[in-house]
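Residues 1 to 150 (the working numbering) are what the sequence shown spells out, left to right.
All remarks here apply to the structure that follows.
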Amino acid sequence: MTIESMVYLFERDLNRLFNEIESYPDERLLWKVLPGSANSGGNLALHLLGNLNHFIGHLVGNTAYIRDRENEFSAKEIGREEILKAIEDCKKVVIDSLRKFDIHLAQEDFSAQVFQDTFSNEQMIIHLAGHLNYHLGQINYHRRYFSAFN
């Protein structure tokens, strides 16, 4: 793992998240829930932002961010422009935090446990990139579904 490789991936995928949110034909569609699913595209975007601001911004970059995970899934009707700004802000925090990270600490234990597992810093950063892409795919499907049927 190199820091610049991780910066590239997070920047690329946060740009993709920005493009997905921007591409909803009507911002009200962000808050609709697909039949058989629990979360809207808007809530998934908020969840990703909370996750990255907490795990990379706060725990890696030592920002003052305080996560409200419950709100990530309960907030509704936040405007598209506010979400887009939050994506840009998160991207800056993630990139700045990763660039400050001491690569010599990559194999040290990450400062928080996730799923009862102990990850190294490197494993956690890779895990977070995968988590971003997992939900990015869900948002893409959500946007395309509601774009086609509304």
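The beta-carbon is built from N, C-alpha and C at its ideal position, and this holds for glycine as well.
Per DSSP, S97 is one residue of the alpha helix (DSSP H) stretching across 80-100.
Secondary structure note for M1: it is in no alpha helix (DSSP H), with a DSSP letter that is neither H nor E.
The closest CA to that of E81, considering only L30, A129, R144, Y134, is found on L30. For V33, the three-state secondary structure derived from DSSP is strand.
Excluding five sequence positions before and after E122, the CB atoms of its chain that fall closer than 7 Å to its own CB belong to M1, A106, Q107, given in chain order. Comparing C-alpha distances from N53 to each of G42, K32, L14, F119 shows the shortest one belongs to L14. Non-local C-beta neighbours of D109 in its own chain, meaning closer than 6 Å and more than five positions away in sequence, comprise T118, ordered along the chain. With contacts defined by Cβ atoms closer than 8 Å, V94 and F18 do not form a contacting pair. In the DSSP assignment, S40 is bridged to V33.
Secondary-structure assignment with DSSP links D109 through a beta bridge to S120.
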